[in-house]
Ligand SMILES: [Zn+2]
């Protein structure tokens, strides 16, 4: 990772006291440098249909083994930007090639496009002069925030396709085992927030990073809420993909095998 380009991206949006009230301008020498290193971008204009086609192409070369290895590699190295390829891949791998609203959602909770909605993707018909810099800032700082945006999944996998070398060490595998063990240790009523606190002992990370990992795993179908009665009302507002999750849901052994079988 080019540290100078990373710093420029960080300084565009962030100060020691948090978000800048308005980001630095996307022009000038620094911006051009970060752009040349693939960290920052000019505004993008693209349609939903173009993104869906491009995602289909990206899936021809990006395998689940690769996104899983990158995720694990990120655990000990703290390369948080390599994590969300797992959820971006999972959310879009079964997405059929379709046009926006080819079938409309009867009850849209993510998108008016039924195919996107079914796959829990938030999407629009077209994106005009859209800023990708803030999405990449969030990706590099915390591991991604708007994980289920069609636009994010596309940007994430596009950038991921240029990455290589994801060595999975015994330390990474041990962290993975610890994460799964913490899920098994949860009491029936425990929420995603309680699991996040358990993960504190296992993953070298900040709370924000653990929250993102939780969402990524939720979108990958690892901890998945079942059809059983909920022990708490209203779910957990801190989370999206795992808002309804509770301890006795555990995790999907099938999904664990699918992604991480080779590393356990
Ligand atoms: Zn769609």
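Residue numbers (the working numbering): 20 to 283.
Backbone N, C-alpha and C fix where the C-beta goes; we use that ideal spot for every residue, glycine too.
Model, not experiment: these values are computed from the prediction.
Cutoff 6 Å; reference residue i; Cβ partners in own chain excluding five residues on either side
| i | result |
| --- | --- |
| residue 239 | 105, 106 and 109 |
| residue 94 | 191 and 194 |
| residue 244 | 263, 264 and 268 |
| residue 250 | 208 and 265 |
| residue 42 | 31 and 32 |
Start and end residues, beta strand (DSSP E) containing residue i
| i | result |
| --- | --- |
| residue 148 | 145 to 149 |
Span of the alpha helix (DSSP H) around residue i
| i | result |
| --- | --- |
| residue 96 | 83 to 96 |
| residue 65 | From DSSP, residue 65 is part of no alpha helix (DSSP H) but of the beta strand (DSSP E) over 63 to 66. |
| residue 161 | 152 to 161 |
| residue 171 | 169 to 179 |
| residue 50 | 47 to 55 |
| residue 221 | Unbroken run through residue 221: none, as it is neither H nor E. |
| residue 272 | 272 to 279 |
| residue 241 | From DSSP, residue 241 is part of no alpha helix (DSSP H); its letter is neither H nor E. |
| residue 137 | 133 to 137 |
| residue 269 | Segment: none, residue 269 is in no alpha helix (DSSP H) and carries neither H nor E. |
Same chain, Cβ closer than 7 Å to residue i, five either side skipped, listed in chain order
| i | result |
| --- | --- |
| residue 186 | 92 |
| residue 161 | 99, 227, 228 and 231 |
| residue 39 | 32 and 33 |
| residue 131 | 120, 123 and 124 |
Nearest residue (CA-CA) to residue i, options the options
| i | options | result |
| --- | --- | --- |
| residue 4 | 183, 143, 267 and 252 | In this structure the chain extends from 20 to 283, so residue 4 is not present and cannot be described. |
| residue 182 | 56, 237 and 122 | 56 |
| residue 257 | 213, 39, 277 and 58 | 213 |
| residue 278 | 30, 164, 85 and 197 | 85 |
| residue 116 | 70, 40, 221 and 45 | 70 |
| residue 276 | 83, 205 and 174 | 83 |
| residue 233 | 189, 164 and 273 | 164 |
CB contact flag (residue i, residue j, <8 Å)
| i | j | result |
| --- | --- | --- |
| residue 134 | residue 166 | no |
| residue 242 | residue 202 | yes |
| residue 156 | residue 32 | yes |
| residue 52 | residue 26 | no |
| residue 140 | residue 169 | yes |
| residue 237 | residue 260 | yes |
| residue 72 | residue 111 | no |
| residue 136 | residue 148 | no |
| residue 184 | residue 221 | no |
Cut-off 8 Å between Cβ atoms - residues of its own chain near residue i, not counting five sequence neighbours on either side
| i | result |
| --- | --- |
| residue 81 | 104, 108, 176, 179 and 180 |
| residue 29 | 156, 159 and 160 |
CB contact below 8 Å: residue i versus chain D
| i | result |
| --- | --- |
| residue 191 | Annotation note: the requested chain D is absent from the structure, which comprises a single protein chain. |
Any contact of the segment 53 to 71 with the segment 145 to 154, i.e. 3+ C-beta pairs under 8 Å?
yes
Cβ contact (3+ pairs, closer than 8 Å) linking the segment 209 to 229 and the segment 92 to 102:
yes
Check whether the segment 256 to 275 touches the segment 197 to 214, taking contact to mean three or more Cβ pairs, one atom from each stretch, closer than 8 Å.
Under the Cβ criterion (8 Å, minimum of three pairs), the segment 256 to 275 counts as touching the segment 197 to 214.
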